[in-house]
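**Student:**
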Amino acid sequence: MSEIQPITDEQLIAQFQAGKESAFIELVNRYKDRLLNFVYRFVGDRDEAEDIVQDTFLKVYKNRHAYREVAKFSTWIYTIAGNLARSELRKRRRHKTYNMSQIGLEDRDFDPPDTDLGPDSHVSFRFEEAEIQRAIRQLPDQFRTIIILRDIQELSYEEISRILDIPMGTVKSRVNRARLKMQELLKHLKENG
Amino acid sequence: MKCQLVLDSYTAYTDYELTATMRTQVEDHLKQCRPCREVFQGLDSMVASLHNMSLIQTSLDFNDRLLMKISKAYLQPTRLPWYRLPTVKFSGYATAAGVALALVFSQWMSPSSDSPPLTPKNMPVAEQTLPEATNESIFVTQDTADNGADTLGLSEPHTSRPDQPLQLVNQRP
Numbered sequence: 009m010s011e012i013q014p015i016t017d018e019q020l021i022a023q024f025q026a027g028k029e030s031a032f033i034e035l036v037n038r039y040k041d042r043l044l045n046f047v048y049r050f051v052g053d054r055d056e057a058e059d060i061v062q063d064t065f066l067k068v069y070k071n072r073h074a075y076r077e078v079a080k081f082s083t084w085i086y087t088i089a090g091n092l093a094r095s096e097l098r099k100r101r102r103h104k105t106y107n108m109s110q111i112g113l114e115d116r117d118f119d120p121p122d123t124d125l126g127p128d129s130h131v132s133f134r135f136e137e138a139e140i141q142r143a144i145r146q147l148p149d150q151f152r153t154i155i156i157l158r159d160i161q162e163l164s165y166e167e168i169s170r171i172l173d174i175p176m177g178t179v180k181s182r183v184n185r186a187r188l189k190m191q192e193l194l195k196h197l198k199e200n201g
Numbered sequence: 427m428k429c430q431l432v433l434d435s436y437t438a439y440t441d442y443e444l445t446a447t448m449r450t451q452v453e454d455h456l457k458q459c460r461p462c463r464e465v466f467q468g469l470d471s472m473v474a475s476l477h478n479m480s481l482i483q484t485s486l487d488f489n490d491r492l493l494m495k496i497s498k499a500y501l502q503p504t505r506l507p508w509y510r511l512p513t514v515k516f517s518g519y520a521t522a523a524g525v526a527l528a529l530v531f532s533q534w535m536s537p538s539s540d541s542p543p544l545t546p547k548n549m550p551v552a553e554q555t556l557p558e559a560t561n562e563s564i565f566v567t568q569d570t571a572d573n574g575a576d577t578l579g580l581s582e583p584h585t586s587r588p589d590q591p592l593q594l595v596n597q598r599p
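Chains as they are written, first to last, in this note's numbering: chain A, 9 to 201; chain B, 427 to 599.
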């Protein structure tokens, strides 16, 4: 007996383009949490991240006919979410001028998400996570995206290559450079308390 | 092997993508170079921390809010010009109906100049009979009225010849 193949994202968007609204809901359910974590690491604010993810789906809904199956659906939706997150950051930068000392102060507002760890480990884990989040936000755009996709969301190189539309070799070398840069930032943050 | 080349190989080393020769060279370098060893250890710990970062979930009402936004933005009916709005459209009919009713009532209520006002006494006979007019009232003639038969009711209109007696239903003893 042949196994039932799960319906692909590309099949779902095709159904949605044909007018089946339930296919859109299925895509929302598949991507909402992945996108939330991706955007959250960009902007550092949960509510804002959720708004951006909602806007991403609104754009998908509105521009569904703009999608062509030359690219993977994941590439398309991550690109939309990434662009919205970046434009949100640009908007913020217009309002605030950052320098290294200000970043440290401002980022103390970062609210790490709840975890199910015990009370002791909870405190230390939170501290470390806040520190990492701060370092992520200081990374240049292209490094930040790749760190989030590879090390937090644990996507394969192939998938990242499709999402970012860059060759796999570039993905691998960029991951390495991003990690080295991130370690440098973490060291700097530790030294400055 | 130079330090920079070793550091550039970190990801390929941890992914087991280096050739056997390269891998040995990196490991030999790490044994001798303390700063590179520390960087590798630091990277291992950082990557592990990144893998362990908590993942968050969308709020429970995420889909509802999204669908609300969609229906607000894209599924609203197009706005009608003011003269086609339902309130305006039907107000004409309502006004016409109101005017017609007002006319009817004014005709009925207003006394005519050449006739006395309506009172129970001078009201026409037809309007005094409250029960609905039936054939009985037509066929109950003076004869039957005298016998009180009008109150009993007839089974059918009396079409028989005048010399035949009227057929009564529910005759009283």
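Beta carbons: idealized from backbone N, C-alpha and C, even for Gly.
In the DSSP assignment, find the unbroken alpha helix (DSSP H) run with B/Ser475 in it and report its ends.
**Tutor:** 460-477
**Student:** Once DSSP output is grouped into helix, strand and coil, what is the label at A/Lys80?
**Tutor:** coil
**Student:** Can you round the beta-carbon distance between A/Asn91 and B/Thr437 to whole angstroms, since I take them to be within the 8 Å contact cut?
**Tutor:** Contact doesn't hold; Cβ gap of about 27 Å is too wide.
**Student:** Are the C-beta of A/Arg213 and some C-beta of chain B separated by less than 8 Å?
**Tutor:** The structure shown does not extend to residue 213 of chain A, since chain A spans only 9 to 201, so no value can be given for it.
**Student:** Alpha carbon to alpha carbon, how far is B/Ala499 from A/Glu29? Give it in angstroms, no decimals.
**Tutor:** Roughly 16 Å between the two C-alpha positions.
**Student:** From B/Gln451 to A/Ser181, what does the alpha carbon distance come to, in whole angstroms?
**Tutor:** Straight-line Cα distance between these residues: approximately 19 Å.
**Student:** At a Cβ cut of 7 Å, what residues of the stretch 174-199 of chain A count as close to chain B, listed as they run along the chain?
**Tutor:** Lys180, Val183, Asn184, Arg187, Leu188, Met190, Gln191, Leu194
**Student:** Against B/Leu492, what residues of chain A qualify as contacts under a CB-to-CB distance less than 7 Å, listed in chain order?
**Tutor:** Val36, Gln62, Phe65
**Student:** Kindly indicate which residue of A/Asp159, A/Leu147, A/Glu166, A/Arg170 has the alpha-carbon position closest to the one of A/Lys80.
**Tutor:** A/Arg170
**Student:** Flag A/Ile160 as yes if its beta-carbon sits less than 8 Å from any beta-carbon of chain B, otherwise no.
**Tutor:** yes
**Student:** Are A/Arg72 and A/Gln25 close, meaning C-beta to C-beta below 8 Å?
**Tutor:** In this structure, A/Arg72 places its C-beta atom within 8 Å of the C-beta atom of A/Gln25.
**Student:** In three-state terms, what does DSSP make of A/Ser30?
**Tutor:** helix
**Student:** Would you mind telling me which residues of chain B sit closer than 7 Å to A/Leu157, beta carbon to beta carbon, in chain order?
**Tutor:** None at all; the shortest Cβ gap to chain B is about 11 Å.
**Student:** Would you mind reading off the limits of the alpha helix (DSSP H) that contains A/Ile168?
**Tutor:** 165-172
**Student:** Does the CB of B/Ser497 have a neighbour CB from chain A at under 8 Å?
**Tutor:** no
**Student:** Less than 8 Å between the CB atoms is what I'm expecting for A/Glu58 and B/Phe488, so what's the real figure, rounded?
**Tutor:** Right, the Cβ-Cβ distance comes to about 7 Å (below 8 Å), so this counts as a contact.
**Student:** Any beta-carbon of chain A closer than 8 Å to the one on B/Met472?
**Tutor:** yes
**Student:** Report the neighbours of B/Tyr442 on chain A: residues whose CB is nearer than 8 Å to its CB, in chain order.
**Tutor:** Under a criterion of Cβ atoms nearer than 8 Å, no residue of chain A is adjacent to B/Tyr442; the nearest Cβ is some 13 Å distant.
**Student:** Have a look at B/Arg449 and A/Ile15 and give me their C-alpha separation to the nearest angstrom.
**Tutor:** 41 Å
**Student:** Give a yes or no on whether 8 Å exceeds the smallest Cβ distance from A/Asp149 to chain B.
**Tutor:** It does not: the Cβ of A/Asp149 has no partner Cβ on chain B nearer than 8 Å.
**Student:** For A/Asn200, does the count of other Cβ atoms within 10 angstroms reach 16, so buried, or fall short, so exposed?
**Tutor:** exposed
**Student:** Is there a C-beta anywhere in chain B that falls below 8 Å from the one on A/Trp41?
**Tutor:** What sits at residue 41 of chain A in the sequence shown is Asp, not Trp. Interface residue, yes.
**Student:** Using C-beta distances below 6 Å, list every residue in its chain close to A/Thr83, excluding the 5 sequence neighbours before and after it, in chain order.
**Tutor:** Excluding the 5 residues flanking it on each side, A/Thr83 has same chain C-beta neighbours closer than 6 Å at Arg170, Ile171, in chain order.
**Student:** Look at the alpha carbon of A/Gln19 and the alpha carbon of B/Val473, and state the distance between them as a whole number of angstroms.
**Tutor:** 35 Å
**Student:** Relative to the C-alpha of A/Ala186, which candidate in B/Gln483, B/Arg491, B/Ser435 has its C-alpha closest?
**Tutor:** Checked all of B/Gln483, B/Arg491, B/Ser435; the closest Cα to A/Ala186 is B/Ser435.
**Student:** Leaving out five residues before and five after A/Leu44 in sequence, what residues of the same chain have Cβ atoms less than 7 Å from its Cβ?
**Tutor:** Ala57, Glu58, Val61
**Student:** Return the CA-CA distance between A/Tyr69 and A/Ser95, expressed in angstroms with no decimal places.
**Tutor:** 20 Å
**Student:** Please check if any C-beta of chain A sits within less than 8 Å of the C-beta of B/Met479.
**Tutor:** Chain A, which has a Cβ nearer than 8 Å to the Cβ of B/Met479, makes this yes.
**Student:** Compare the C-beta of B/Gln483 against all C-beta atoms of chain A and say whether one is closer than 8 Å.
**Tutor:** yes
**Student:** Let me know the secondary structure DSSP gives B/Lys428 once reduced to three states.
**Tutor:** coil
**Student:** Take A/Val179 and list the residues in its own chain whose beta-carbon comes closer than 6 Å to its own, dropping the five residues that flank it on each side.
**Tutor:** Result list for A/Val179: Tyr165, Ile168, Ser169, in chain order.
**Student:** What separation, rounded to the nearest whole angstrom, lies between the Cα atoms of A/Arg49 and A/Gly27?
**Tutor:** The alpha-carbon atoms of A/Arg49 and A/Gly27 are separated by roughly 34 Å.
**Student:** So, with DSSP's three-state summary, where would you put B/Leu493?
**Tutor:** DSSP places B/Leu493 in helix when its eight states are reduced to three.
**Student:** Rounded C-beta distance between A/Glu136 and B/Ser475? I'm assuming under 8 Å.
**Tutor:** 6 Å
**Student:** Who are the Cβ neighbours of A/Met176 in its own chain at under 6 Å, not counting the five residues just before and after it?
**Tutor:** Tyr165, Ser169
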